[in-house]
Structures are given as C-alpha cells and as structure tokens.
Amino acid sequence: MGEEAAAAAGVRPELVREAEVSLLECKVCFERFGHWQQRRPRNLPCGHVVCLACVAALAHPRTLGLECPFCRRACRACDTSDCLPVLHLLELLGSNLHLSPSALSTAPFAPGALTCCHAFGGWGTLVNPTGLALCPKTGRVVVVHDGKRRVKIFDSGGGGAHQFGEKGDAAHDVKYPLDVTVTNDGHVVVTDAGDCSLKVFDFFGKVKLVVGKQFSLPWGVEITPHNEVLVTDTEAGTLHLLEADFPEGVLRRIEKLQGHLCNPRGVAVSWLTGAIAVLEHPCAFGTAGCNNTRVKVFNSTMQLIGQVDSFGLNLLFPSKVTASAVTFDRQGNVIVADTSGPAIVCLGKPEEFPSLKPMVTHGLSRPVALAFTKENSLLVLDTASHSIKVFKVMEGNGG
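Structure (structure tokens):
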C-alpha cells in the first residue's frame with residue numbers, strides 16, 4: 001500500500017494537494033489533522049469535522065455546549081467522537097504527505113524550514129487579534145484583540161490566560177488596539193487607534209501611563225534593549241522613541257527619529273545589532289485594494305542601510321509578497337509575514353537585501369504578527385484563525 005500511495009502521489013499530485021487542503025485540514029484553525037491529541041479529527045453530531053483543539057476552544061467552559069461553526073447546530077463537546085475515516089486516511093497516506101517534486105517546482109514557495117508543532121487561542125478565546133508580544137522576563141505571550149477585554153495573556157505553553165483592558169469610553173480603557181509590546185520590567189504597552197493614544201499597563205492590568213496628544217494615529221510599537229519604546233505614527237508618517245519611568249508612570253521624553261515615512265505600521269528592533277526595521281504601506285492611507293508594502297531598515301544611528309519593496313521582490317520571487325509584519329531573528333536577519341502567500345519569509349541581512357528564503361509555506365491563513373521566543377521558536381499570530389501558531393525547526397526539516 002505504501003508503494004501504491006507513493007506512485008499515486010507521483011502520477012496525480014493534484015489529488016494529493018486536494019486531500020491535504022480539503023480532507024486533512026481543520027476548517028476552523030486551518031491546521032492539518034493528526035493522531036496527536038490536539039489535532040485529532042472529531043465528528044460533530046451534524047457530521048462536520050473539526051480538530052479537538054477547536055472543539056475545546058468553541059465549547060463553553062462550564063456547560064461544554066457549543067455550536068457547529070458551519071451549520072450552527074447545538075451540541076456538547078462530550079457528544080463528539082473521533083473521525084475514523086480521516087484517521088484511516090492519515091494512516092494510508094502516511095504522516096509525511098507532501099506535494100510531489102514535480103508539483104513543488106510550480107508551487108509559489110519551496111518547502112519551508114519550520115514546522116507548526118502547537119497552536120493556542122482560537123475562536124472564542126481571541127477575536128480578530130491584531131498584535132502579539134512576548135514578556136522578556138517570563139516568556140508569557142501577550143495578545144491584543146477585539147474581545148470585551150482587549151489584552152489577553154497566556155503562559156509560555158499557551159494556557160492559563162488572564163485578561164484586562166476593558167472596552168469603554170474612559171481614558172484608561174482600550175478602545176481599538178492595533179499593536180502591543182512588553183517592556184523589560186514587565187509593563188504592557190498598547191497602541192490604541194480608538195483615541196490615538198499609547199497606553200501602558202502593569203502585568204495585572206492597572207493603567208500606569210496614557211500618552212495621547214502626541215500622535216495622529218499610532219500603530220506599531222516595540223521595545224528596545226534599553227527599555228525605550230518605538231512607535232510608528234501612520235498618519236503623520238513618523239517614527240518616535242519614548243523614554244519613561246514605567247513603574248512610576250512618568251513620561252520622560254519623546255523624540256522623533258524619522259519623518260517622511262509612507263504610512264509606517266510595523267516596527268522591529270534587532271537586539272543583536274540595534275537595527276530598526278519599519279514596514280511601510282506606500283499607497284495613500286485608506287486606499288482600498290492597495291497591497292504594496294516596503295521594508296526599510298535603519299542602523300542604530302538612523303542611517304538607512306537596507307530597503308526592499310513588493311515590486312522589487314516580484315522581480316526575484318515567483319509570487320507577490322505583501323508584508324504584514326516584520327521582526328528580526330537572533331542572527332540579525334529580517335523576517336516578514338506575507339499575507340499573499342500566506343507565508344513567513346526571511347529577507348536576509350539588511351546589507352544583503354534581498355536574500356529570500358521561505359521559512360513557513362503552509363498552515364497559515366492571514367499572519368499579522370511575529371515574535372521569536374528564547375528557545376528560538378517562532379510565534380505567528382494568525383488573525384483569520386484567531387490563534388497563535390508555534391513553529392520550530394524539526395528533525396529532518398533541513399533547517
């Protein structure tokens with residue numbers, strides 16, 4: 001049967017691709033089904049199939065009641081059962097089902113270097129999340145989203161969430177969060193488009209500082225190794241540096257590092273070199289259908305050392321790259337999330353732009369934020385599946 005399956009995959013790769021997408025993928029989180037606990041396919045009483053992790057995310061914590069996300073039929077988590085046909089299909093095709101070599105040659109990306117090993121959050125836990133950050137001290141994961149309480153904190157394994165940041169009209173409430181970072185002393189910094197402010201909370205949700213009159217529309221936010229805050233202002237086209245005494249809630253200074261940027265949104269800093277990457281959207285703000293993006297990288301003295309845009313990447317890459325987030329890895333390489341792929345792509349070091357290397361080429365729907373853990377795992381915030389996906393280099397990946 002193994003030889004027959006391999007022969008079939010070689011002769012008809014389109015059927016293998018269709019099986020991966022249509023039969024072997026949960027249509028809620030878009031993760032591939034598997035035999036391990038969280039990814040086991042589960043039959044709902046209505047006949048639809050989702051993974052066990054999504055059943056747990058959809059179910060009420062006390063009553064275990066849930067609605068099918070496709071037909072809205074009510075049931076309970078305990079009424080679900082293993083989907084044996086999908087499990088048998090996984091066994092027949094093998095755990096390493098991929099496109100054949102001939103199919104890969106026409107795919108928009110080569111095989112990625114990272115593999116998704118875990119995911120958490122999901123619909124009901126996160127609602128249209130927009131920003132992701134890691135606490136440098138504890139490794140906890142902080143996400144801002146559109147829920148009733150806008151800031152949600154997970155432990156490093158994805159459990160034990162607590163939340164704060166009530167939606168409301170008070171000055172300290174979080175109205176429409178866009179991005180988040182965590183300072184070296186454990187304070188949560190949120191950019192709020194609702195009142196065009198920057199809000200700082202301690203890790204328990206107590207507001208420490210609100211900076212409101214200095215920005216037109218603050219968007220991206222990042223912490224530096226010196227515990228200063230970088231903020232992009234997309235309407236003003238500027239990049240700012242803020243220095244504050246976070247425990248005391250005292251703003252010490254604001255400095256404009258760059259002006260004349262084109263709708264800057266994402267921002268990242270390399271803790272290895274001190275370089276700062278800014279993600280621009282060159283079309284006029286609010287222009288419908290515009291998906292051109294540009295990454296600019298400055299050194300620690302704010303001299304431009306590298307730049308690449310969607311048009312330039314299209315000359316080198318068989319698929320359009322539309323960057324939605326930017327970060328640095330430990331070697332100082334620039335990493336972007338691509339919503340056109342969707343994929344995660346390494347652009348290389350700024351002085352060598354562009355040196356493209358696909359890192360993640362499947363398992364994503366709409367990645368909007370990135371973060372590397374101390375263990376060098378890559379966290380990807382996927383807003384379409386309302387979840388955080390954890391990617392690692394696995395044995396045999398060649399990464």
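Counting from 1, one number per residue, gives the positions in the sequence shown under our numbering.
We treat Cβ as the ideally placed atom computed from N, Cα and C, and that holds for glycine.
Here the structure is a predicted model, which is why all the values come from computation and not from measurement.
Original post:
Are at least three pairs of beta-carbons, each pair with one atom in the stretch 81-94 and one in the stretch 33-42, less than 8 Å apart?
Top reply: By the Cβ criterion, the stretch 81-94 is in contact with the stretch 33-42, since at least three pairs of Cβ atoms, one from each stretch, lie closer than 8 Å.
**Item:** Where the alpha helix (DSSP H) through L44 begins and ends
**Value:** As a first step, residue 44 is located in the sequence shown; it is residue number 44 there, counting from the start. Following the DSSP letters along the chain, one finds L44 in no alpha helix (DSSP H), marked with neither H nor E.
Within a Cβ cutoff of 7 Å, which residues of the same chain sit near R149, ignoring the five residues on either side of it in sequence?
Your numbering for residue 149 matches position 149 in the sequence shown. Excluding positions up to five away in sequence, the list reads Q163, F164, G165, E166.
For this session: Specify the secondary structure class of D155 as computed by DSSP and reduced to three states.
Result: As a working note, residue 155 is residue 155 in the sequence shown. Residue state, collapsed to three classes: coil.
ask   = In whole angstroms, what is the alpha-carbon distance linking A53 and F120?
value = Residue 53 sits at position 53 when you count from the first residue of the sequence shown. Residue 120 sits at position 120 when you count from the first residue of the sequence shown. Taking the straight line joining both Cα atoms gives about 8 Å.
- Can you give me the start and stop residues for the beta strand (DSSP E) that C54 sits inside? On the sequence shown, position 54 is the one that residue 54 refers to. Looking at the DSSP string, C54 is not in any beta strand (DSSP E); the run it does join, the alpha helix (DSSP H), is 52-58.
Please go through the stretch 207-272 and give each complete beta strand (DSSP E) segment of 3 or more residues, from N-terminal end onward. Listed in chain order, they are 207-211, 218-223, 229-233, 238-245, 250-258, 264-269.
Which residues mark the beginning and the end of the beta strand (DSSP E) in which P354 is found? As a working mapping, residue 354 is identified with position 354 in the sequence shown. That residue, P354, is in no beta strand (DSSP E); it is neither H nor E in DSSP.
Handout entry: Beta-carbon proximity of P177 to G131, cut-off 8 Å
Key = Within the sequence shown, the letter at position 177 stands for residue 177. Within the sequence shown, the letter at position 131 stands for residue 131. Taking C-beta atoms as the reference points, P177 and G131 count as a pair closer than 8 Å.
Is the Cβ-Cβ distance between A133 and A371 less than 8 Å? The sequence position of residue 133 within the sequence shown is 133, counting from 1. The sequence position of residue 371 within the sequence shown is 371, counting from 1. Yes, Cβ-Cβ distance for A133 and A371 is below 8 Å.
### Message
Can you tell me whether H145 is buried or exposed? The criterion is at least 16 other CB atoms within 10 Å of its CB, across all chains shown.
### Response
To locate residue 145, count along the sequence shown from 1; it is residue 145. When all chains shown are included, H145 counts as buried.
For F285, does the count of other Cβ atoms within 10 angstroms reach 16, so buried, or fall short, so exposed? As a first step, residue 285 must be located in the sequence shown, where it is residue number 285. Interpretation of F285 is limited by its pLDDT of 48, a score under 50 that renders its predicted location unreliable; the figure taken from the coordinates is listed afterwards. Exposed, since its Cβ has fewer than 16 Cβ neighbours within 10 Å.
Q. Is it buried or exposed for H226, if we count other Cβ within 10 angstroms and need 16 for buried?
A. Within the sequence shown, the letter at position 226 stands for residue 226. Around the CB of H226, fewer than 16 other CB atoms lie within 10 Å, so the residue is classed as exposed.
Q.
Taking the beta carbon of L313 as the centre, do at least 16 other beta carbons fall within 10 Å, making it buried, or is it exposed?
A. Mapped onto the sequence shown, residue 313 falls at position 313. Answer is buried; the Cβ neighbour count reaches 16.
*Tell me which same chain residues have a C-beta within less than 6 Å of the C-beta of F154, skipping the five on either side of it?*
For this step, residue 154 is matched to residue 154 along the sequence shown. For F154, where only same-chain residues beyond five positions count, the Cβ hits under 6 Å are V141, A161.
Confirm, please, whether the CB-CB distance from V360 to I344 is below 8 Å.
Locating residue 344 in the sequence shown gives position 344, counting from the first residue. Locating residue 360 in the sequence shown gives position 360, counting from the first residue. In this structure, I344 places its C-beta atom within 8 Å of the C-beta atom of V360.
Subject >> With 16 other Cβ atoms within 10 Å as the buried cut-off, status of P367 >> reply: Walking along the sequence shown from the start, residue 367 turns up at place 367. So P367 counts as buried.
Roughly how many angstroms lie between the CA atoms of L64 and A57, to the nearest whole one? Within the sequence shown, numbered from 1, the residue matching residue 64 stands at position 64. Within the sequence shown, numbered from 1, the residue matching residue 57 stands at position 57. If you draw a straight line from the Cα of L64 to the Cα of A57, it comes to about 10 Å.
Assigned secondary structure, H88 (DSSP; H/G/I helix, E/B strand, else coil):
Against the sequence shown, residue 88 aligns to sequence position 88. In the three-state scheme derived from DSSP, where H, G and I count as helix and E and B as strand, H88 is classed as helix.
Residue nearest to F33 in terms of C-alpha spacing, selected from L261, G139, D82, F215
Looking up residue 33 in the sequence shown gives position 33. Looking at L261, G139, D82, F215, the one whose alpha-carbon comes closest to that of F33 is D82.
Which residue wins for smallest C-alpha separation from S310, given the options T234, T191, P354? Along the sequence shown, one-based indexing puts residue 310 at 310. Of T234, T191, P354, the residue nearest in Cα terms is P354.
Exercise for review: On a CA-only basis, which of E243, R252, F215, I254 is nearest E235? Give me that one, please.
Suggested key: As a working mapping, residue 235 is identified with position 235 in the sequence shown. For E235, the nearest C-alpha among the options comes from F215.
With DSSP as the reference, identify every bridge partner of D481, one or two as the case may be. There is no way to answer for residue 481, as the model of the chain reaches only from 1 to 399.
- How should G212 be labelled, buried or exposed, when 16 other C-beta atoms within 10 angstroms of its C-beta is the threshold for buried? Locating residue 212 in the sequence shown gives position 212, counting from the first residue. It is exposed - the Cβ of G212 has fewer than 16 other Cβ atoms within 10 Å.
Query - Residues sharing a beta bridge with K296, DSSP - result: Position 296 of the sequence shown holds residue 296. Partner residues in the beta bridge of K296, as assigned by DSSP, are V278, Q307.
*asked:* Less than 8 Å between C-beta atoms, sequence neighbours within five positions excluded: which residues of the same chain meet that for A275?
replied: Within the sequence shown, residue 275 is the residue found at index 275, counting from 1. Counting only Cβ-Cβ distances below 8 Å, and skipping sequence neighbours, we find V269, V297, F298, N299, S300, I305, F328, G332, P350.
### Message
Buried or exposed, going by whether 16 or more other CB atoms sit within 10 Å of the CB of D179?
### Response
As a working note, residue 179 is residue 179 in the sequence shown. If you draw a 10 Å sphere on the C-beta of D179, you find 16 or more other C-beta atoms in it, and that means buried.
inquiry  = Please return the same chain residues whose Cβ sits closer than 6 Å to the Cβ of V182, not counting the five positions on each side in sequence.
reply    = For the purposes of this step, residue 182 is taken as residue 182 along the sequence shown, with counting starting at 1. Its chain contains A133, C135, V142, V188 as the residues whose beta carbon lies nearer than 6 Å to that of V182, once the 5 sequence neighbours on both sides are disregarded; these appear in chain order.
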